[in-house]
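Counting in numbering that gives the first Met the number 0, the sequence shown runs from 0 upward without gaps.
Report on the structure given below.
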Amino acid sequence: MIAKIRKLIENKRRFLVAAHMNPDGDAISSTLALGNALREMGKEVVFFNGDPVPQVYSFLPGAELLTSSLDQSAEEIYDVGFVLDSGELRRAGEHLRDRCRILVNIDHHVDSERFSDYFWVDEKASSTGTLIYRLLKNFTGYRFSLPVATCLYTSLVSDTGSFRFANTDKETFQIAAELLELGVNPAEISAHIYEDREERVLHLLGLALGTLKLSECGRIASISVTNAHMEATGTGPEHTDGFINYPRSIRGVEIALLFREAEPGFFKVGFRSNGNVDVAFVAQNFGGGGHARAAGATLRGTLDEVREKIIGHISQIIS
Ligand SMILES: [Mn+2]
Numbered sequence: 000m001i002a003k004i005r006k007l008i009e010n011k012r013r014f015l016v017a018a019h020m021n022p023d024g025d026a027i028s029s030t031l032a033l034g035n036a037l038r039e040m041g042k043e044v045v046f047f048n049g050d051p052v053p054q055v056y057s058f059l060p061g062a063e064l065l066t067s068s069l070d071q072s073a074e075e076i077y078d079v080g081f082v083l084d085s086g087e088l089r090r091a092g093e094h095l096r097d098r099c100r101i102l103v104n105i106d107h108h109v110d111s112e113r114f115s116d117y118f119w120v121d122e123k124a125s126s127t128g129t130l131i132y133r134l135l136k137n138f139t140g141y142r143f144s145l146p147v148a149t150c151l152y153t154s155l156v157s158d159t160g161s162f163r164f165a166n167t168d169k170e171t172f173q174i175a176a177e178l179l180e181l182g183v184n185p186a187e188i189s190a191h192i193y194e195d196r197e198e199r200v201l202h203l204l205g206l207a208l209g210t211l212k213l214s215e216c217g218r219i220a221s222i223s224v225t226n227a228h229m230e231a232t233g234t235g236p237e238h239t240d241g242f243i244n245y246p247r248s249i250r251g252v253e254i255a256l257l258f259r260e261a262e263p264g265f266f267k268v269g270f271r272s273n274g275n276v277d278v279a280f281v282a283q284n285f286g287g288g289g290h291a292r293a294a295g296a297t298l299r300g301t302l303d304e305v306r307e308k309i310i311g312h313i314s315q316i317i318s
C-alpha cells in the first residue's frame with residue numbers, strides 16, 4: 000500500500016491534506032508533515048482542518064497555512080485528499096468526498112473505516128506521524144527537511160505522551176533518533192507543547208480538577224469540563240488537551256474519563272485505559288471509537304446522565 004500511495008503522489012498534482020476535527024498534536028503534525036513534504040516535492044497542497052490549530056501547536060512549520068474553510072467554487076477539486084488520523088470521514092468532514100477525486104485514509108485507529116479509495120491503517124503504529132515517516136521513506140529521492148522532521152517529531156511526542164504511553168515502541172525511538180540527526184531540538188519542541196501554557200488554561204484545569212470523582216472501587220476516575228467552566232476562564236475545548244492524564248495518574252485507576260460539554264445537551268467523553276479494559280470497544284457501544292487505550296464518544300444528555308450511563312457501563316465490565 001505504501002508504494003501505491005507513493006505512486007499516486009508521484010502522478011498527481013493537486014492535493015488536500017486533512018485530519019480529524021478538534022485536532023490533537025498527531026492530527027496537526029501529521030497534516031503538516033505530509034503537507035510540507037508534498038510542497039517540497041513541488042505539489043499544490045491545501046492544508047485543511049475543520050477546527051483551528053491549538054495554540055500550543057501554532058509553532059509548527061506551516062501551521063499558518065491551515066485553513067478551516069475550503070474555496071466553495073466548483074472548480075476547486077483536488078486530485079487526491081489525504082484524511083489522516085481519522086477513524087471516520089465525518090471526523091474530518093464528509094464534504095471532503097465531494098472535493099477530492101481520490102480519498103486516502105492513513106490512520107492508526109483500530110476501527111478505522113474503509114471510507115476511502117486507498118486504505119492504509121496500521122493500528123500498531125504509535126502515531127499517524129509514524130506512518131507519514133514510513134511513506135516519505137519510500138520516496139528514494141526525498142530527503143527529510145527540518146520543518147518536516149519537526150512535525151514528525153511532534154507527532155511522536157504527542158501521541159506517546161512524551162514517550163510514556165504503552166504505544167511507545169522501538170520504532171518510535173528509532174524514528175526520533177533519526178529526526179534528531181536531522182536537527183530537531185527535542186527540548187525546544189517540548190517547551191512549545193508543555194511549557195507555553197496560558198494562565199487561563201491552568202484556571203480551567205483547576206475547575207476541572209475540582210470535579211474529580213473516583214469510583215468506590217477506586218478503578219474509575221473522571222473529571223468534567225462544562226461550558227460554564229470555559230466561559231468563566233475565557234477558554235475553549237482546545238484548551239482541555241491532556242487534562243485526562245490527571246485522573247489517569249491516580250494510583251489504582253484503570254480507566255480515566257473526561258466529560259466535556261459540546262453543543263448544548265451533548266457531552267464528549269474521552270476514555271483512557273491502562274490496558275485491562277478495551278476502551279475502543281466501550282466507546283463503540285456509545286457510537287464512538289478509538290484505540291484500546293484511548294478512545295472517545297459523544298453522548299446526548301446532562302452531565303449527570305451521561306456520567307451515570309458511562310460509569311455504570313464500565314463498572315459492569317470491570318466487575
Ligand atoms: Mn493519532
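Glycine included, C-beta positions come from ideal geometry on N, C-alpha and C.
Asked, Found
"Given a cut-off of 8 Å on the beta-carbon distance, is the pair I317 and E253 in contact?", "yes"
"Kindly provide the chain-ordered list of residues whose Cβ lies closer than 7 Å to any non-hydrogen atom of ligand 1.", "D23, D25, A26, D84, H107, S126, T127 and D158"
"Express the C-alpha separation of S221 and L31 in angstroms, rounding to a whole number.", "33 Å"
"For G41 and F280, what's the separation of their Cα atoms in angstroms?", "42 Å"
"For T239 versus R271, is the C-beta distance shorter than 8 Å?", "no"
"Taking only heavy atoms of ligand 3 into account, decide whether any of them is closer than 7 Å to the Cβ of T234.", "This structure lacks ligand 3; the ligands present are ligand 1."
"So T298 is in the beta strand (DSSP E); what residue range does that whole segment cover?", "Looking at the sequence provided, one finds Leu at residue 298 rather than Thr. Per DSSP, L298 belongs to the beta strand (DSSP E) from A293 to R299."
"Under 8 Å Cβ to Cβ from Y77, same chain only, skipping five residues before and after it: list those, please.", "R13, F14, L15, V45, R98, C99 and R100"
"Three-state secondary structure (DSSP) at R218?", "coil"
"Leaving out five residues before and five after L213 in sequence, what residues of the same chain have Cβ atoms less than 6 Å from its Cβ?", "A220"
"Once the 5 residues before and after S314 are set aside, which same chain residues still bring their CB inside 8 Å of it?", "S214, C216 and I219"
"Given a threshold of 16 other Cβ atoms within 10 Å of its Cβ, counted over all protein chains shown, does R163 qualify as buried or as exposed?", "exposed"
"So if DSSP puts L155 in a beta bridge, which residue, or which two residues, is it bridged to?", "According to DSSP, which records beta bridges pairwise, L155 is partnered with nothing at all."
"Do you know how far the Cα of F242 is from the Cα of I131?", "27 Å"
"Just checking my contact of T159 with T149 at CB under 8 Å: how many whole Å lie between their CB atoms?", "Not a contact, Cβ separation roughly 16 Å."
"Could you give the distance in angstroms between the alpha-carbon of R133 and the alpha-carbon of I1?", "8 Å"
"Determine the contact status of A124 and A17, defining contact as a CB-CB distance below 8 Å.", "no"
"Can you name the start and end residues of the alpha helix (DSSP H) that K308 belongs to?", "L302 to I317"
"In the DSSP output, which residue or residues are listed as bridge partners for Y77?", "C99"
"Candidates I249, A294, P246 and N275: which alpha carbon is nearest V268's?", "A294"
"Ignore the nearest five residues each way along the sequence and tell me which others in K3's own chain have a CB closer than 7 Å to its CB.", "Y117"
"Using alpha carbons as the reference points, say which of I174, N137 and M20 lies closest to S126.", "I174"
"Taking the beta carbon of F47 as the centre, do at least 16 other beta carbons fall within 10 Å, making it buried, or is it exposed?", "buried"
"With a cut-off of 8 Å on the beta carbons, I'd call A36 and V147 a contact; round off their distance for me.", "5 Å"
"Grab the span of the beta strand (DSSP E) containing K267 for me, first residue to last.", "F265 to S272"
"Could you tell me the distance, in whole angstroms, from the CA atom of R142 to the CA atom of L211?", "47 Å"
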